[in-house]
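Trainee:
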Ligand code: DGY
């Protein structure tokens, strides 16, 4: 008999087909909104669970799944899963590193360029029919080339962002718990976080979310940044205090921001919707076809490896 697998989201047909050879599947191909209760009811008789970053896999849900033997998340971040609970029960959690690194770095740059050069703000203005004549001081933004790029968190994605900065002749600063092994190759200099905040023209947040990084960037930190600075968050909601950021953008404490992630997504702090100098995207960092198929397929490969008794390709590393 095949093990029973619950997939919480619609997945690509080729991924479903690969999994179907090894599992008896219940999948959300209709892309319905499942409540925590729905999820608890559906997972109750499953041995395997395939989730995404926006599913909350907490102790209460896991307690409703006594037969669970493996969880695979189609994401590199795993702050949505109660890892301590899983480890307590000896249940592995797998993630999807690498396959999304380059696409996510591209997205950080898309937001940086759009925010610094006021692309979305001016487009909305143009579409609304306000463009009557050209002017020297219309929608002046900030230079990206030759500026100082700050990267908060220098892992795989941070490094990919830094590599792209070379083409823009930028000075790259970063802040990380430990020095990056590829520091010299990236031409990046490690500095303390307060220096990073103070000296960056464009600051990109790439640290993972945890209790230690909750509201790491709030009103006090924003106040130390340059009034011309751009702030980009492609990591996780909750690292930046979105309400404080909206206030800082309104007050001109910093010039612009680009956000792909939010504290209570898909809900947004209403304040963010009222400021024009922030570019807002709906958690699309990894959203290219190649990257998203790669993520779903890697999650599937982990599940199939488990079902076949083989080593898991990408488990959460033991810390
Ligand atoms: C991740 O992989 O963690 C991205 O945020 C996509 O959910």
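In our numbering, the protein residues as written are -15 to 303. Where a beta carbon is used, it is the ideal one built from N, C-alpha and C, also for glycine.
1) Shorter than 7 Å, the distance from the beta carbon of residue 270 to the closest heavy atom of the ligand DGY, or not?
2) Please identify the residue among 156, 171, 203 whose C-alpha is closest to the C-alpha of residue 188.
3) Shorter than 7 Å, the distance from the beta carbon of residue 282 to the closest heavy atom of the ligand DGY, or not?
4) The ligand DGY and residue 80: does the residue's C-beta get closer than 7 Å to at least one heavy atom of that ligand?
5) For the ligand DGY, is there a heavy atom less than 7 Å away from the beta-carbon of residue 194?
6) Going by beta carbon distance, what residues of the same chain come within less than 8 Å of residue 208, once the five residues before and after it are set aside?
7) With a cut-off of 8 Å, do at least 3 Cβ pairs link the region 252 to 265 to the region 216 to 234?
8) Nearest CA to the CA of residue 70: which residue from 97, 104, 107, 32?
9) Could you give the residue range of the alpha helix (DSSP H) that holds residue 174?
10) Is the CB-CB distance between residue 153 and residue 186 below 8 Å?
11) Measure from the alpha carbon of residue 263 to the alpha carbon of each residue in 100, 24, 53, then state which is nearest.
12) I'd like to confirm the pairing. Which residues does DSSP put opposite residue 158 in its beta bridges?
13) When you compare only the Cα positions, how much space is there between residue -12 and residue 29?
Mentor: In this structure, then:
1) The closest heavy atom of the ligand DGY lies less than 7 Å from the beta carbon of residue 270.
2) For residue 188, the closest alpha carbon among the candidates 156, 171, 203 is that of 156.
3) No, the Cβ of residue 282 stays beyond 7 Å of every heavy atom of the ligand DGY.
4) Placement of the Cβ of residue 80 at a distance of less than 7 Å from at least one heavy atom of the ligand DGY is found.
5) It does not: the Cβ of residue 194 is nowhere closer than 7 Å to a heavy atom of the ligand DGY.
6) Excluding sequence neighbours, residue 208 sits near 178, 181, 182.
7) Touching, per the Cβ criterion.
8) With distances taken between Cα atoms, residue 70 lies closest to 32.
9) From DSSP, residue 174 is part of no alpha helix (DSSP H) but of the beta strand (DSSP E) over 172 to 174.
10) Contact check for residue 153 against residue 186 fails: the beta carbons are separated by 8 Å or more.
11) Per the C-alpha coordinates, the member of 100, 24, 53 positioned closest to residue 263 is 100.
12) DSSP, once it has assigned bridges, lists 135, 174 as partnering residue 158.
13) C-alpha of residue -12 to C-alpha of residue 29: approximately 7 Å in a straight line.
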